[in-house]
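Trainee:
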Amino acid sequence: MSPNQRLSLLQGHLQRTTEPRAPEFPCLSPAERNSYFESKAAESVTMNNLSAAVTPAIKANQPPHKLVMIPGPVEFSDKVLEAMAQPPQAHTGPEFVAVFSEVLKKLRLLFGNSQETHGGQPVVLSGSGTLGWDVLGANLLRPEDKVLCISTGFFSNSFAECMSNYVDDGNVTTLEAAVGASVPLGEVKKELESSNYKLITLTHTDTSTGVLTNIEQVAQLVRQVSPETLIAVDAVCSAGVEEIQVDNWGLDFVLTASQKAMSTPAGLSIMFLSQRYIDQSLSQKKKKPFYVSIHKWLPIMKNYENGIASYFATPSSQLVGALNTSLSEIFGVESASDVKTDPESKLPLELLKRFEIHQQVAKEFRQQVAHLGSVCLSKSDMCNGMTALYVPKGTQIPSLLGKLSKEYNVNLAGGIHPQIAGRYIRIGHMGVSVTGNNGADVKAVATALQKELTGDESVAKS
(Lines of atoms letter the chains of each structure in order from A and count residues from 1; the text may use other names and numbers.)
(Lines give C-alpha, C1' and ligand atoms only; values in the text may rest on other atoms or scores of the structure.)
Protein backbone atom coordinates (compact mmCIF):
# COMPACT_ATOMS: atom_id res chain seq x y z
CA MET A 1 0.00 0.00 0.00
CA SER A 2 1.41 3.41 -0.98
CA PRO A 3 1.86 6.25 1.54
CA ASN A 4 -0.96 8.19 -0.14
CA GLN A 5 -3.32 5.22 0.22
CA ARG A 6 -2.43 4.90 3.88
CA LEU A 7 -3.02 8.62 4.34
CA SER A 8 -6.41 8.30 2.65
CA LEU A 9 -7.42 5.55 5.08
CA LEU A 10 -6.29 7.64 8.03
CA GLN A 11 -8.22 10.66 6.78
CA GLY A 12 -11.34 8.58 6.30
CA HIS A 13 -11.12 7.45 9.90
CA LEU A 14 -10.69 11.01 11.12
CA GLN A 15 -13.67 12.23 9.10
CA ARG A 16 -16.02 9.75 10.76
CA THR A 17 -15.99 11.59 14.06
CA THR A 18 -19.30 13.19 15.00
CA GLU A 19 -17.95 15.35 17.79
CA PRO A 20 -17.16 18.86 16.56
CA ARG A 21 -13.90 20.44 17.62
CA ALA A 22 -14.06 23.77 19.38
CA PRO A 23 -11.64 26.66 19.85
CA GLU A 24 -9.82 26.76 23.18
CA PHE A 25 -11.43 28.81 25.93
CA PRO A 26 -9.34 27.88 29.00
CA CYS A 27 -10.39 30.90 31.06
CA LEU A 28 -14.16 30.68 30.63
CA SER A 29 -16.28 29.74 33.59
CA PRO A 30 -17.51 26.12 33.68
CA ALA A 31 -21.03 27.29 32.86
CA GLU A 32 -19.85 29.27 29.84
CA ARG A 33 -17.74 26.37 28.59
CA ASN A 34 -20.62 23.89 29.00
CA SER A 35 -23.01 26.22 27.22
CA TYR A 36 -20.64 26.60 24.30
CA PHE A 37 -19.95 22.89 23.88
CA GLU A 38 -23.66 22.04 24.21
CA SER A 39 -24.48 24.50 21.44
CA LYS A 40 -21.75 23.08 19.21
CA ALA A 41 -22.86 19.50 19.78
CA ALA A 42 -26.31 20.39 18.47
CA GLU A 43 -24.97 21.77 15.21
CA SER A 44 -24.12 19.87 12.06
CA VAL A 45 -20.82 20.98 10.63
CA THR A 46 -21.09 21.92 6.97
CA MET A 47 -18.20 23.26 4.95
CA ASN A 48 -18.60 26.48 3.00
CA ASN A 49 -16.44 27.79 0.21
CA LEU A 50 -14.08 29.85 2.34
CA SER A 51 -12.02 26.95 3.62
CA ALA A 52 -11.71 25.41 0.17
CA ALA A 53 -10.79 28.75 -1.36
CA VAL A 54 -7.78 29.20 0.89
CA THR A 55 -6.51 25.63 0.70
CA PRO A 56 -3.14 25.97 -1.05
CA ALA A 57 -1.40 23.46 -3.27
CA ILE A 58 0.83 22.49 -0.34
CA LYS A 59 -2.34 21.12 1.32
CA ALA A 60 -4.06 19.95 -1.87
CA ASN A 61 -4.39 16.29 -0.84
CA GLN A 62 -6.10 16.99 2.47
CA PRO A 63 -9.87 16.72 2.94
CA PRO A 64 -11.80 19.96 3.59
CA HIS A 65 -11.37 20.94 7.21
CA LYS A 66 -11.67 23.90 9.47
CA LEU A 67 -8.73 26.23 9.18
CA VAL A 68 -6.70 26.05 12.39
CA MET A 69 -5.34 29.54 13.04
CA ILE A 70 -4.64 29.34 16.76
CA PRO A 71 -1.15 29.87 18.26
CA GLY A 72 -0.45 26.17 17.76
CA PRO A 73 -1.03 23.48 16.67
CA VAL A 74 -0.87 24.81 13.14
CA GLU A 75 -1.75 23.56 9.68
CA PHE A 76 0.56 20.92 8.18
CA SER A 77 1.72 20.31 4.62
CA ASP A 78 0.75 17.21 2.65
CA LYS A 79 4.30 15.93 2.82
CA VAL A 80 4.40 16.18 6.61
CA LEU A 81 1.12 14.27 6.94
CA GLU A 82 2.36 11.65 4.47
CA ALA A 83 5.46 11.21 6.62
CA MET A 84 3.16 10.57 9.59
CA ALA A 85 1.41 7.82 7.60
CA GLN A 86 4.56 5.87 6.79
CA PRO A 87 4.77 2.21 7.89
CA PRO A 88 6.39 1.62 11.28
CA GLN A 89 10.17 1.48 11.44
CA ALA A 90 12.43 -0.23 13.92
CA HIS A 91 13.74 2.56 16.13
CA THR A 92 17.21 1.00 16.05
CA GLY A 93 17.09 0.11 12.37
CA PRO A 94 19.32 1.85 9.81
CA GLU A 95 16.41 3.65 8.10
CA PHE A 96 15.20 5.39 11.24
CA VAL A 97 18.72 6.04 12.54
CA ALA A 98 19.49 7.90 9.30
CA VAL A 99 16.35 10.03 9.66
CA PHE A 100 17.00 10.87 13.32
CA SER A 101 20.60 11.77 12.48
CA GLU A 102 19.36 14.25 9.89
CA VAL A 103 16.90 15.79 12.36
CA LEU A 104 19.57 16.41 14.98
CA LYS A 105 21.97 17.90 12.44
CA LYS A 106 19.24 20.17 11.09
CA LEU A 107 18.35 21.33 14.60
CA ARG A 108 21.93 22.52 15.11
CA LEU A 109 21.42 24.66 12.02
CA LEU A 110 18.02 25.90 13.21
CA PHE A 111 19.54 27.12 16.48
CA GLY A 112 22.74 28.53 15.01
CA ASN A 113 25.17 26.09 16.60
CA SER A 114 28.55 24.84 15.45
CA GLN A 115 29.47 21.61 17.20
CA GLU A 116 33.12 21.98 16.25
CA THR A 117 33.59 25.36 17.93
CA HIS A 118 30.97 25.41 20.70
CA GLY A 119 29.92 21.84 21.47
CA GLY A 120 26.45 21.37 22.88
CA GLN A 121 23.78 18.87 21.90
CA PRO A 122 20.29 18.97 20.37
CA VAL A 123 17.83 16.63 22.09
CA VAL A 124 14.43 15.38 20.89
CA LEU A 125 12.15 13.57 23.35
CA SER A 126 8.59 12.32 23.19
CA GLY A 127 6.49 14.87 25.04
CA SER A 128 5.16 18.41 24.89
CA GLY A 129 7.17 21.60 24.99
CA THR A 130 6.46 21.81 28.71
CA LEU A 131 8.62 18.73 29.20
CA GLY A 132 11.59 20.94 28.36
CA TRP A 133 11.02 22.95 31.53
CA ASP A 134 11.39 19.81 33.62
CA VAL A 135 14.49 18.68 31.73
CA LEU A 136 16.03 22.07 32.46
CA GLY A 137 15.23 22.18 36.17
CA ALA A 138 15.62 18.52 37.09
CA ASN A 139 19.15 18.24 35.72
CA LEU A 140 20.61 21.63 36.63
CA LEU A 141 19.07 23.04 39.79
CA ARG A 142 19.84 22.33 43.43
CA PRO A 143 17.55 23.37 46.29
CA GLU A 144 19.80 26.28 47.27
CA ASP A 145 20.02 27.72 43.74
CA LYS A 146 18.28 30.98 42.86
CA VAL A 147 16.30 31.50 39.65
CA LEU A 148 15.26 34.76 38.01
CA CYS A 149 12.23 34.50 35.72
CA ILE A 150 11.38 37.28 33.27
CA SER A 151 7.63 37.23 32.72
CA THR A 152 5.66 38.60 29.80
CA GLY A 153 2.51 36.60 30.44
CA PHE A 154 0.80 33.39 31.46
CA PHE A 155 3.36 30.95 30.08
CA SER A 156 6.31 32.84 31.54
CA ASN A 157 4.69 32.50 34.95
CA SER A 158 4.10 28.80 34.36
CA PHE A 159 7.80 28.47 33.52
CA ALA A 160 8.59 30.08 36.88
CA GLU A 161 6.16 27.75 38.65
CA CYS A 162 7.93 24.74 37.17
CA MET A 163 11.35 26.00 38.31
CA SER A 164 10.00 26.46 41.84
CA ASN A 165 9.61 22.68 42.08
CA TYR A 166 13.39 22.26 41.94
CA VAL A 167 14.59 24.90 44.41
CA ASP A 168 13.77 25.92 47.97
CA ASP A 169 10.72 28.09 48.64
CA GLY A 170 11.45 31.73 47.94
CA ASN A 171 14.35 31.03 45.59
CA VAL A 172 12.45 31.94 42.41
CA THR A 173 12.12 35.66 41.72
CA THR A 174 9.75 36.80 38.97
CA LEU A 175 9.99 40.17 37.25
CA GLU A 176 6.58 40.64 35.68
CA ALA A 177 5.96 43.08 32.84
CA ALA A 178 2.81 45.11 32.37
CA VAL A 179 0.30 43.35 30.13
CA GLY A 180 1.48 43.66 26.54
CA ALA A 181 4.94 44.94 27.43
CA SER A 182 8.44 43.62 28.12
CA VAL A 183 10.36 43.91 31.38
CA PRO A 184 12.68 46.94 31.08
CA LEU A 185 16.36 46.02 30.82
CA GLY A 186 17.13 48.34 33.72
CA GLU A 187 14.97 46.25 36.05
CA VAL A 188 16.66 43.06 34.89
CA LYS A 189 20.09 44.60 35.46
CA LYS A 190 19.17 45.79 38.94
CA GLU A 191 17.86 42.36 39.95
CA LEU A 192 20.88 40.51 38.55
CA GLU A 193 23.16 42.78 40.58
CA SER A 194 21.17 42.18 43.76
CA SER A 195 21.72 38.42 44.07
CA ASN A 196 23.71 35.46 42.80
CA TYR A 197 21.39 33.80 40.29
CA LYS A 198 22.11 30.34 38.95
CA LEU A 199 19.60 30.65 36.12
CA ILE A 200 17.54 33.22 34.27
CA THR A 201 14.50 32.10 32.26
CA LEU A 202 13.13 33.99 29.27
CA THR A 203 10.03 33.30 27.20
CA HIS A 204 10.83 34.38 23.66
CA THR A 205 7.18 34.66 22.59
CA ASP A 206 4.56 34.40 25.30
CA THR A 207 1.45 33.32 23.43
CA SER A 208 -0.85 34.72 26.10
CA THR A 209 0.16 38.25 25.05
CA GLY A 210 2.07 38.00 21.78
CA VAL A 211 5.00 39.84 23.35
CA LEU A 212 8.43 39.14 21.88
CA THR A 213 11.33 39.32 24.33
CA ASN A 214 14.58 40.63 22.87
CA ILE A 215 16.68 37.60 23.74
CA GLU A 216 19.86 39.02 22.23
CA GLN A 217 19.72 42.16 24.38
CA VAL A 218 18.89 40.34 27.61
CA ALA A 219 21.58 37.71 27.00
CA GLN A 220 24.16 40.42 26.38
CA LEU A 221 23.16 42.10 29.64
CA VAL A 222 23.42 38.84 31.57
CA ARG A 223 26.90 38.17 30.22
CA GLN A 224 28.00 41.66 31.27
CA VAL A 225 26.41 41.80 34.72
CA SER A 226 26.25 38.17 35.86
CA PRO A 227 28.32 35.98 33.51
CA GLU A 228 27.98 32.88 35.71
CA THR A 229 24.18 32.90 35.34
CA LEU A 230 22.91 30.37 32.80
CA ILE A 231 20.39 31.58 30.22
CA ALA A 232 17.34 29.45 29.37
CA VAL A 233 14.88 30.34 26.61
CA ASP A 234 11.37 29.02 26.05
CA ALA A 235 11.13 29.15 22.25
CA VAL A 236 7.98 27.04 21.88
CA CYS A 237 6.27 29.68 19.72
CA SER A 238 9.38 31.30 18.27
CA ALA A 239 11.75 28.63 16.95
CA GLY A 240 11.28 28.65 13.20
CA VAL A 241 9.82 32.17 12.95
CA GLU A 242 12.14 34.27 15.13
CA GLU A 243 15.91 34.53 15.07
CA ILE A 244 17.77 32.45 17.67
CA GLN A 245 21.57 32.25 17.77
CA VAL A 246 22.66 29.99 20.61
CA ASP A 247 26.38 30.34 19.94
CA ASN A 248 26.59 34.06 19.18
CA TRP A 249 24.21 35.06 21.96
CA GLY A 250 25.58 32.66 24.57
CA LEU A 251 22.34 30.79 25.28
CA ASP A 252 22.57 27.71 27.52
CA PHE A 253 19.22 25.98 27.10
CA VAL A 254 16.61 26.49 24.39
CA LEU A 255 13.38 24.50 24.31
CA THR A 256 10.64 24.30 21.73
CA ALA A 257 7.99 21.88 20.47
CA SER A 258 6.94 20.33 17.19
CA GLN A 259 3.41 21.69 16.80
CA LYS A 260 3.94 25.40 16.28
CA ALA A 261 6.34 27.05 13.83
CA MET A 262 8.04 23.69 13.33
CA SER A 263 4.87 22.73 11.41
CA THR A 264 4.75 19.16 12.72
CA PRO A 265 2.05 17.38 14.76
CA ALA A 266 2.32 17.74 18.52
CA GLY A 267 4.30 15.23 20.52
CA LEU A 268 7.98 16.16 20.36
CA SER A 269 9.88 18.17 22.95
CA ILE A 270 12.87 19.73 21.21
CA MET A 271 15.84 21.20 23.07
CA PHE A 272 19.33 22.52 22.58
CA LEU A 273 21.78 22.17 25.49
CA SER A 274 24.94 24.27 25.54
CA GLN A 275 28.22 22.69 26.57
CA ARG A 276 28.19 24.81 29.74
CA TYR A 277 24.75 23.52 30.70
CA ILE A 278 25.83 19.94 29.98
CA ASP A 279 29.02 20.20 32.02
CA GLN A 280 27.31 21.75 35.03
CA SER A 281 24.39 19.31 34.97
CA LEU A 282 26.60 16.23 34.66
CA SER A 283 28.71 17.36 37.62
CA GLN A 284 25.77 17.74 40.01
CA LYS A 285 26.10 15.77 43.24
CA LYS A 286 22.44 14.91 43.73
CA LYS A 287 19.91 12.24 42.93
CA LYS A 288 19.30 12.09 39.22
CA PRO A 289 15.89 12.08 37.51
CA PHE A 290 15.05 9.16 35.25
CA TYR A 291 13.13 9.84 32.03
CA VAL A 292 14.32 13.46 31.81
CA SER A 293 17.91 12.65 32.79
CA ILE A 294 20.48 14.06 30.38
CA HIS A 295 22.86 11.46 31.84
CA LYS A 296 20.62 8.94 30.09
CA TRP A 297 19.80 10.90 26.94
CA LEU A 298 23.07 12.57 25.97
CA PRO A 299 24.84 9.40 24.80
CA ILE A 300 21.66 8.34 22.98
CA MET A 301 21.41 11.63 21.09
CA LYS A 302 25.11 11.70 20.27
CA ASN A 303 24.92 8.19 18.88
CA TYR A 304 21.85 8.90 16.77
CA GLU A 305 23.43 12.06 15.38
CA ASN A 306 26.50 10.04 14.42
CA GLY A 307 24.40 7.35 12.74
CA ILE A 308 24.72 4.77 15.52
CA ALA A 309 21.68 2.87 16.80
CA SER A 310 21.05 3.44 20.50
CA TYR A 311 18.32 2.92 23.06
CA PHE A 312 17.02 4.27 26.34
CA ALA A 313 13.30 4.78 25.65
CA THR A 314 11.45 4.32 22.38
CA PRO A 315 11.34 7.50 20.27
CA SER A 316 8.23 8.58 18.35
CA SER A 317 9.48 7.42 14.97
CA GLN A 318 6.60 8.77 12.86
CA LEU A 319 6.84 12.19 14.50
CA VAL A 320 10.60 12.28 14.05
CA GLY A 321 10.10 11.46 10.38
CA ALA A 322 7.49 14.20 10.04
CA LEU A 323 9.83 16.68 11.75
CA ASN A 324 12.59 15.75 9.32
CA THR A 325 10.24 16.40 6.41
CA SER A 326 9.19 19.76 7.83
CA LEU A 327 12.79 20.84 8.44
CA SER A 328 13.62 19.89 4.86
CA GLU A 329 10.74 22.08 3.68
CA ILE A 330 11.96 24.94 5.89
CA PHE A 331 15.55 24.70 4.62
CA GLY A 332 14.63 23.87 1.02
CA VAL A 333 16.93 20.82 0.84
CA GLU A 334 16.75 17.20 1.99
CA SER A 335 20.17 16.89 3.63
CA ALA A 336 21.68 19.02 6.38
CA SER A 337 24.98 18.90 4.52
CA ASP A 338 23.41 20.80 1.61
CA VAL A 339 22.06 23.68 3.71
CA LYS A 340 23.66 27.04 2.88
CA THR A 341 24.20 29.25 5.93
CA ASP A 342 24.89 32.89 6.66
CA PRO A 343 28.53 33.12 7.82
CA GLU A 344 27.81 35.63 10.58
CA SER A 345 24.67 34.26 12.22
CA LYS A 346 25.37 30.62 11.21
CA LEU A 347 21.67 30.36 10.36
CA PRO A 348 20.40 28.82 7.10
CA LEU A 349 19.73 31.38 4.39
CA GLU A 350 16.28 29.91 3.74
CA LEU A 351 15.48 30.24 7.44
CA LEU A 352 16.38 33.94 7.37
CA LYS A 353 14.02 34.36 4.40
CA ARG A 354 11.34 32.53 6.38
CA PHE A 355 11.69 35.05 9.22
CA GLU A 356 11.17 37.91 6.77
CA ILE A 357 8.08 36.31 5.25
CA HIS A 358 6.48 35.76 8.65
CA GLN A 359 7.33 39.29 9.72
CA GLN A 360 5.75 40.76 6.58
CA VAL A 361 2.58 38.65 6.81
CA ALA A 362 2.18 39.54 10.50
CA LYS A 363 2.55 43.23 9.67
CA GLU A 364 0.01 43.05 6.87
CA PHE A 365 -2.49 41.17 9.03
CA ARG A 366 -2.26 43.76 11.80
CA GLN A 367 -2.77 46.52 9.27
CA GLN A 368 -5.85 44.74 7.91
CA VAL A 369 -7.52 44.49 11.32
CA ALA A 370 -6.37 47.87 12.68
CA HIS A 371 -9.52 49.66 11.46
CA LEU A 372 -11.91 47.15 13.04
CA GLY A 373 -11.78 48.70 16.49
CA SER A 374 -9.30 46.04 17.53
CA VAL A 375 -5.99 46.84 19.22
CA CYS A 376 -2.95 44.60 19.63
CA LEU A 377 -2.03 43.81 23.23
CA SER A 378 1.59 44.49 22.43
CA LYS A 379 2.29 47.94 21.03
CA SER A 380 5.91 47.49 19.95
CA ASP A 381 7.37 44.15 21.09
CA MET A 382 5.27 42.11 18.66
CA CYS A 383 6.20 38.61 17.54
CA ASN A 384 6.02 37.16 14.03
CA GLY A 385 4.02 34.01 14.74
CA MET A 386 0.78 35.18 16.35
CA THR A 387 -1.27 38.22 17.31
CA ALA A 388 -3.14 38.90 20.54
CA LEU A 389 -5.98 41.26 19.71
CA TYR A 390 -8.33 43.24 21.93
CA VAL A 391 -11.83 43.12 20.43
CA PRO A 392 -14.27 46.05 20.50
CA LYS A 393 -15.96 46.64 23.84
CA GLY A 394 -19.14 44.63 24.21
CA THR A 395 -18.03 41.82 21.91
CA GLN A 396 -19.05 38.42 23.25
CA ILE A 397 -15.92 36.42 22.58
CA PRO A 398 -17.43 32.91 22.92
CA SER A 399 -20.13 33.93 20.44
CA LEU A 400 -17.60 35.50 18.06
CA LEU A 401 -15.29 32.50 18.06
CA GLY A 402 -18.18 30.08 17.75
CA LYS A 403 -19.57 31.97 14.75
CA LEU A 404 -16.17 32.12 13.06
CA SER A 405 -15.86 28.38 13.52
CA LYS A 406 -19.38 27.54 12.37
CA GLU A 407 -19.91 29.95 9.49
CA TYR A 408 -16.38 30.58 8.24
CA ASN A 409 -14.70 27.32 9.26
CA VAL A 410 -11.89 29.25 10.93
CA ASN A 411 -10.77 28.35 14.45
CA LEU A 412 -9.17 31.13 16.50
CA ALA A 413 -8.30 31.09 20.20
CA GLY A 414 -9.65 32.91 23.22
CA GLY A 415 -7.52 34.87 25.64
CA ILE A 416 -5.77 33.16 28.54
CA HIS A 417 -4.00 35.97 30.39
CA PRO A 418 -5.75 36.02 33.79
CA GLN A 419 -6.04 39.82 33.95
CA ILE A 420 -7.73 40.26 30.56
CA ALA A 421 -8.92 36.82 29.46
CA GLY A 422 -12.41 37.95 28.45
CA ARG A 423 -11.29 40.94 26.41
CA TYR A 424 -9.17 39.58 23.60
CA ILE A 425 -8.60 36.81 21.07
CA ARG A 426 -5.45 35.18 19.71
CA ILE A 427 -4.64 34.41 16.09
CA GLY A 428 -1.78 32.19 14.97
CA HIS A 429 0.01 32.96 11.71
CA MET A 430 2.95 30.63 11.30
CA GLY A 431 4.10 27.69 9.22
CA VAL A 432 2.48 26.64 5.95
CA SER A 433 -0.46 29.01 6.45
CA VAL A 434 2.10 31.78 5.91
CA THR A 435 4.71 30.24 3.62
CA GLY A 436 2.60 27.86 1.54
CA ASN A 437 -0.05 30.05 -0.04
CA ASN A 438 1.10 33.68 -0.03
CA GLY A 439 -0.71 34.35 3.22
CA ALA A 440 -4.16 33.40 1.92
CA ASP A 441 -5.09 31.65 5.18
CA VAL A 442 -4.21 34.79 7.14
CA LYS A 443 -6.20 36.96 4.74
CA ALA A 444 -9.19 34.66 5.23
CA VAL A 445 -9.04 35.31 8.97
CA ALA A 446 -8.88 39.08 8.40
CA THR A 447 -11.87 38.88 6.06
CA ALA A 448 -13.96 36.91 8.54
CA LEU A 449 -13.07 39.26 11.40
CA GLN A 450 -13.98 42.29 9.30
CA LYS A 451 -17.42 40.89 8.58
CA GLU A 452 -18.18 39.88 12.16
CA LEU A 453 -16.70 42.90 13.96
CA THR A 454 -18.05 45.58 11.62
CA GLY A 455 -21.17 43.96 10.19
CA ASP A 456 -19.94 44.83 6.71
CA GLU A 457 -22.32 42.90 4.48
CA SER A 458 -20.08 43.54 1.47
CA VAL A 459 -17.64 40.99 2.84
CA ALA A 460 -18.89 37.63 1.58
CA LYS A 461 -18.59 34.55 3.72
CA SER A 462 -17.53 32.60 0.66
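When you read off a place in the sequence shown, starting at 1, and then add 1, the result is the number in the working numbering. From the three backbone atoms N, C-alpha and C, an ideal C-beta is built for every residue, glycine too. It should be emphasised that the depicted structure is a prediction, and the values quoted were computed from it without experimental measurement.
Quick check on this structure: which residue in S346, E351, T315, P344 has the alpha carbon closest to the alpha carbon of S329?
Mentor: To locate residue 329, count along the sequence shown from 1; it is residue 328. Out of S346, E351, T315, P344, E351 has the C-alpha closest to the C-alpha of S329.
Trainee: What is the C-beta distance between K479 and V237, in whole angstroms, given that I count them as a contact (C-beta under 8 Å)?
Mentor: Residue 479 is absent from the model: the chain starts at 2 and stops at 463.
Trainee: So L153 packs on T210, CB below 8 Å; how close in whole Å?
Mentor: As a working note, residue 153 is residue 152 in the sequence shown. As a working note, residue 210 is residue 209 in the sequence shown. Leu is not the amino acid found at residue 153; the sequence shown has Thr there. Correct: roughly 6 Å between the Cβ atoms.
Trainee: Find the nearest neighbour of Y167 within the set V411, P290, S434, I295, judged by alpha-carbon distance.
Mentor: Residue 167 sits at position 166 when you count from the first residue of the sequence shown. Measuring from the Cα of Y167, the nearest candidate turns out to be P290.
Trainee: Would L51 be called buried (16 or more neighbouring beta carbons within 10 Å of its own) or exposed?
Mentor: In the sequence shown, residue 51 corresponds to position 50, counting from 1. With a pLDDT of 45 at L51, under the threshold of 50, the modelled position of this residue cannot be trusted; read the value that follows with caution. Its Cβ being crowded by 16 or more others within 10 Å, L51 is buried.
Trainee: Classify S284: buried if its beta carbon has 16 or more other beta carbons within 10 angstroms, exposed otherwise.
Mentor: Your numbering for residue 284 matches position 283 in the sequence shown. Exposed, since its Cβ has fewer than 16 Cβ neighbours within 10 Å.
Trainee: Can you tell me which of the three DSSP states P123 falls into?
Mentor: As a working note, residue 123 is residue 122 in the sequence shown. P123 falls in the strand class under three-state DSSP.
Trainee: Tell me whether the beta-carbon of N385 lies closer than 8 Å to the beta-carbon of V100.
Mentor: Numbered from its first residue, the sequence shown carries residue 385 at position 384. Numbered from its first residue, the sequence shown carries residue 100 at position 99. No, these two residues do not count as a Cβ contact at 8 Å.
Trainee: Figure out for me which residue from D79, V75, E76, G113 has the closest Cα to the Cα of E244.
Mentor: Position 243 of the sequence shown, counting from 1, holds the residue named residue 244. Comparing Cα-Cα distances from E244 to each of D79, V75, E76, G113, the minimum goes to G113.
Trainee: According to DSSP, simplified to helix, strand and coil, what is D442?
Mentor: On the sequence shown, residue 442 is found 441 positions in, with the first residue counted as 1. Note: D442 maps to helix in three-state DSSP.
Trainee: Can you tell me whether A449 is buried or exposed, with buried defined as 16 or more other CB within 10 angstroms of its CB?
Mentor: Translated into positions along the sequence shown, residue 449 becomes position 448. A449 is buried by the Cβ-count criterion.
Trainee: On the three-pair Cβ rule with 8 Å, is the region 87 to 96 touching the region 256 to 274?
Mentor: No contact exists between the region 87 to 96 and the region 256 to 274.
Trainee: Determine the direct distance from the alpha carbon of E117 to that of V392, and round the result to whole angstroms.
Mentor: Here residue 392 refers to the residue found at position 391 of the sequence shown. Here residue 117 refers to the residue found at position 116 of the sequence shown. Straight-line Cα distance between these residues: approximately 50 Å.
Trainee: Locate the alpha helix (DSSP H) running through A389, then write down its first and last residues.
Mentor: Residue mapping note: residue 389 aligns to position 388 of the sequence shown, counting from 1. Counting along the chain, A389 falls outside any alpha helix (DSSP H), though it belongs to the beta strand (DSSP E) covering 387 to 391.
Trainee: By the three-class DSSP mapping on this structure, what secondary structure does R367 have?
Mentor: Residue 367 sits at position 366 when you count from the first residue of the sequence shown. R367 falls in the helix class under three-state DSSP.
Trainee: Since T70 and Q319 are thought to touch, with beta carbons under 8 Å apart, how far apart are those beta carbons, to the nearest angstrom?
Mentor: Here residue 70 corresponds to residue number 69 of the sequence shown, with the count starting at 1. Here residue 319 corresponds to residue number 318 of the sequence shown, with the count starting at 1. Just to set this straight, residue 70 is Met in the shown sequence, not Thr. That belief does not hold up - the Cβ atoms of M70 and Q319 are roughly 25 Å apart, past 8 Å.
Trainee: From the DSSP secondary-structure annotation, give me the bridge partner or partners of V255.
Mentor: Position 254 of the sequence shown holds residue 255. V234, F273.
Trainee: Among N304, K67, L186, which residue has its Cα nearest to the Cα of A220?
Mentor: For the purposes of this step, residue 220 is identified with residue 219 of the sequence shown, where counting begins at 1. Measuring from the Cα of A220, the nearest candidate turns out to be L186.
Trainee: Return the CA-CA distance between L401 and F77, expressed in angstroms with no decimal places.
Mentor: To locate residue 401, count along the sequence shown from 1; it is residue 400. To locate residue 77, count along the sequence shown from 1; it is residue 76. One C-alpha to the other measures close to 25 Å.
Trainee: Under DSSP, the alpha helix (DSSP H) around R1 begins and ends at which residues?
Mentor: The structure shown does not extend to residue 1, since the chain is modelled only from 2 to 463, so the question has no answer here.
Trainee: For P419 and chain B, any beta-carbon pair shorter than 8 Å?
Mentor: The chain labelled as chain B is not found in the depicted structure, where only one protein chain is given.
Trainee: Taking the Cβ atom as the reference point for each residue, do P266 and A323 lie within a distance shorter than 8 Å?
Mentor: Residue 266 sits at position 265 when you count from the first residue of the sequence shown. Residue 323 sits at position 322 when you count from the first residue of the sequence shown. In contact: P266 and A323 (Cβ atoms closer than 8 Å).
Trainee: Counting only runs that start and end within the region 263 to 348, where is the beta strand (DSSP E) found for 3 or more residues in a row?
Mentor: 269 to 274, all fully within the region 263 to 348.
Trainee: Pair every Cβ in the region 439 to 455 with every Cβ in the region 366 to 379, then say whether three or more of these pairs are closer than 8 Å.
Mentor: A contact exists between the region 439 to 455 and the region 366 to 379.
Trainee: Taking C-alpha atoms, which residue in P144, H205, G121, K107 lies nearest to F155?
Mentor: Counted from its first residue, the sequence shown places residue 155 at position 154. The shortest C-alpha separation from F155 is found at H205.
Trainee: For my contact list, F366 and V443 are in at a C-beta cut-off of 8 Å; report their separation, rounded to the angstrom.
Mentor: In the sequence shown, the residue the question calls residue 366 occupies position 365. In the sequence shown, the residue the question calls residue 443 occupies position 442. Their Cβ separation, rounded to whole angstroms, is 5 Å, which keeps F366 and V443 in contact under 8 Å.
Trainee: State the Cα-Cα distance for the pair K287 and Y305, rounded to the nearest angstrom.
Mentor: For this step, residue 287 is matched to residue 286 along the sequence shown. For this step, residue 305 is matched to residue 304 along the sequence shown. So the two alpha carbons sit approximately 28 Å from each other.
Trainee: Counting Cβ pairs closer than 8 Å, one from the region 125 to 135 and one from the region 168 to 188, do we hit at least three?
Mentor: Taking 8 Å as the limit for Cβ pairs, the verdict is that the region 168 to 188 does not touch the region 125 to 135.
Trainee: Assign S152 to one of three DSSP states: helix, strand, or coil.
Mentor: For the purposes of this step, residue 152 is taken as residue 151 along the sequence shown, with counting starting at 1. Strand, per DSSP.
Trainee: With the cut-off set at 8 Å, would you say I59 and V433 are in Cβ contact?
Mentor: On the sequence shown, residue 59 is found 58 positions in, with the first residue counted as 1. On the sequence shown, residue 433 is found 432 positions in, with the first residue counted as 1. In this structure, V433 lies closer than 8 Å to I59 by Cβ.
Trainee: Which residue from D79, L105, D343 puts its Cα closest to that of N249?
Mentor: On the sequence shown, position 248 is the one that residue 249 refers to. Ranking the options by Cα distance to N249, first place goes to D343.
Trainee: Report the rounded CA-to-CA distance for K191 versus P72, giving the unit in angstroms.
Mentor: Numbered from its first residue, the sequence shown carries residue 191 at position 190. Numbered from its first residue, the sequence shown carries residue 72 at position 71. Roughly 33 Å separates the two Cα atoms.
Trainee: Can you tell me whether T214 is helix, strand or coil according to DSSP?
Mentor: Looking up residue 214 in the sequence shown gives position 213. T214: coil per DSSP, three-state reduction.
Trainee: Taking Cβ to Cβ, would you say L256 is nearer than 8 Å to G130?
Mentor: Along the sequence shown, one-based indexing puts residue 256 at 255. Along the sequence shown, one-based indexing puts residue 130 at 129. Their beta carbons are under 8 Å apart, which means L256 touches G130 by this criterion.
Trainee: Here's the rule I'm using: 16 or more other beta-carbon atoms within 10 Å means buried, otherwise exposed. How should L378 be labelled?
Mentor: Here residue 378 refers to the residue found at position 377 of the sequence shown. Result: buried.
Trainee: Could you spell out the range, first to last residue, of the beta strand (DSSP E) harbouring T175?
Mentor: On the sequence shown, position 174 is the one that residue 175 refers to. Taken as a continuous stretch (DSSP letters only), the beta strand (DSSP E) holding T175 covers 173 to 177.
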